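Here's the structure, in structure tokens; my notes come after.
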Amino acid sequence: MLQLTNIRENKDKVLAGLAKRNKDFSVQIDEIIALDDLRKKAQQELDTNLAEANKLAKEIGDLFKQGKREEADRLKVRTATLKESAKGVEITLNDVEQQLKQALYLVPNVPYELVVQGKSPEENVEVVNWGENPNLSESKKPHWELAEQYGLIDFELGVKITGAGFPVYCGKGARLQRALINFFLDEAQNAGYKEIIPPLMVNEESGFGTGQLPDKEGQMYHVGIDNLFLIPTAEVPVTNIYRDTILKEDELPIKMTAYTPCFRREAGSYGKDVRGLNRLHQFDKVEIVQIAHPNMSYEILETMVEHVKSLLQKLELPYRILRLCGGDMGFTSAMTYDFEVFSAAQERWLEVSSTSNFETFQANRLKCRFKGTDGKTQLVHTLNGSALALPRIVAALLENNQTKDGIRIPKALVQYTGFEIVQ
RNA sequence: GGAGAGAUGGCAGAGCGGUUGAUUGCACCAGUCUUGAAAACUGGCUUGGGUAAUACCAACGGGGGUUCGAAUCCCUCUCUCUCCGCCA
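So for the first sequence, this note's numbering puts the first residue at 468; every next one is plus one.
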């Protein structure tokens, strides 16, 4: 959620920034400012009304103490009319506040200066391209065939137990999964991130805090009887640790990492996108999250990018990094880097990480602030990134490392898997 | 799931329906003293709205009600604790 003061004071800048998303928000912004004006007016009216009522109440109290009953009763009549009008104003105020909130919910974050305008993924900017694509033989296979051939993942069994998009990992497949999780967590810990094991379900407030609610509830699994949501990413519970919090400046930055399964309904997906491990309803991910000082957040974003890079390099996977254009960026992000690995058998790029700076957009909803050394309180910046999401890493590992003798495990991972090759 | 008790500022803990946004202690910050520190003393120390700055308004778990006036009374929801039941 954008900050009202920012919208009011830097309207042109905000609009120019939002234009990079290839949409015009001037109508919404004007409406927001108009609603805020209304809000202020109503609030003022209510305040003066209440001020008078408070004054009268005090006088009445004094009169009672002095035993001047009749005079007090006369004043009581006046408070009755005040009360009536206050009620009306209060209703308007609540109504306007509600409308203002709704309007604010519909405006996405303002892209950072480095972000280019654009409407589709083609306009994303490639900033890094690392590694060589492997030369695979003509008989190369996609990961879903390899997974079946070596008995690593049973998609059919998942369908039987739960449904499509819930694979069952078996034997070395399961072991590989656990190896990757431990590898990612250890790397994060070595980079100074504190490990968290959060709840896998969150309440409504947390959903609002990180922006999944109100408009993306269709993407989350909802447990109706208790009104809880299965987390679509560890970002939700981990970032919400700092909801309604005022930190001290010297506590920043806060670095956290968490492994969790992630649950996504992925309503509307179809075709080759959902084949095999490409898109799942349940998948594993290690997330890194930072709560940062506003002056430091872009520097920190770069360190997070470096961290993800190092993971992919240790896994010997060729990758590229895209700086997303305005139109392809998520609603809450100010700048996002997507990491993609090349799947040699599918001959397509697979997104394995998305690392973003949300600036104050999430913090504003979370009410996560810090008190500076100057004594002033202001919003923090929040950042997060996948480091990494497992399924597509597994897909790329299987496909890119397939040999006639089996699937080769990258060196860095062998100490975690306990085997060098899957046969 | 059943019965009872409770929820107040960073923490602890007062609070009679009427200068209580809230006594006090601890913690914290600044100053005095000191070569420095500790101790002692003095002052500061919740958040949000609003303003050029004051005024002013709101908030004592959330929501609603009674009253001229509610942290204080009533209803309701949530959560915590104790006991019982069930159970990894």
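Note that beta-carbon positions come from the ideal geometry of N, C-alpha and C, so glycine has one too.
Remember, it's a predicted structure, so these values are computed and weren't measured experimentally.
Boundaries (first-last residue) of the alpha helix (DSSP H) holding residue i
| i | result |
| --- | --- |
| M771 | S764 to K781 |
| R536 | R536 to Y572 |
| V481 | K478 to A486 |
| F675 | E671 to G676 |
| L880 | K878 to T884 |
| F531 | S493 to K532 |
| T629 | No alpha helix (DSSP H) contains T629, which DSSP labels as neither H nor E. |
| E704 | According to the sequence displayed, residue 704 carries Pro and not Glu. From DSSP, the alpha helix (DSSP H) with P704 extends over E702 to T706. |
Euclidean distance between Cα positions of residue i and residue j
| i | j | result |
| --- | --- | --- |
| R742 | R506 | 51 Å |
| Q679 | E662 | 23 Å |
| G463 | E593 | The structure shown does not extend to residue 463, since the chain is modelled only from 468 through 890, so no value can be given for it. |
| A879 | A646 | 10 Å |
| V690 | K683 | 15 Å |
| R642 | T884 | 6 Å |
| K891 | D503 | In this structure the chain extends from 468 to 890, so residue 891 is not present and cannot be described. |
| Y709 | L471 | 21 Å |
| N824 | E716 | 19 Å |
| N473 | F492 | 15 Å |
| E615 | G632 | 15 Å |
| T849 | F675 | 15 Å |
| V753 | C729 | 10 Å |
| A801 | F650 | 29 Å |
| A812 | T870 | 12 Å |
| E580 | A655 | 29 Å |
| F837 | T559 | 33 Å |
| S820 | K508 | 46 Å |
| N670 | L695 | 5 Å |
DSSP bridge partner residues for residue i (one or two, in chain order)
| i | result |
| --- | --- |
| C729 | F750 |
| I860 | I860 pairs with nothing; no bridge assigned. |
| D805 | L789 and S821 |
| S810 | R815 |
| Y636 | I620 |
| R642 | The partner list for R642 (beta bridge, DSSP) is empty, contrary to what the question assumes. |
| R875 | I888 |
| M836 | In the sequence as presented, Met is not what sits at residue 836; that position holds Arg. I713 and L846. |
| L695 | V690 |
| D756 | A small fix is needed here, since residue 756 is Val in this sequence, not Asp. Note: V756 sits in a beta bridge opposite M723 and N851. |
| E662 | T724 |
| T870 | G873 |
Neighbour-count burial assignment, residue i, 16 or more Cβ in a 10 Å radius
| i | result |
| --- | --- |
| T548 | exposed |
| P758 | For clarity, residue 758 is Ile in the given sequence; the question names Pro instead. I758 comes out buried. |
| T677 | buried |
| D872 | exposed |
| T700 | buried |
| P634 | buried |
| T724 | buried |
| P681 | exposed |
| E866 | buried |
| W597 | exposed |
| K737 | Going by the sequence as given, residue 737 is Tyr instead of Lys. With fewer than 16 other Cβ atoms within 10 Å, it is exposed. |
| P666 | exposed |
| A830 | buried |
| F935 | One cannot answer for residue 935 here, as it falls past the ends of the chain, which runs 468 to 890. |
| N576 | buried |
| I628 | exposed |
First and last residue of the uninterrupted beta strand (DSSP E) at residue i
| i | result |
| --- | --- |
| Q845 | T844 to L846 |
| T712 | T712 to K715 |
Mind listing, in chain order, the continuous beta strand (DSSP E) runs of no fewer than 3 residues lying wholly within the region 580 to 610? 592 to 597
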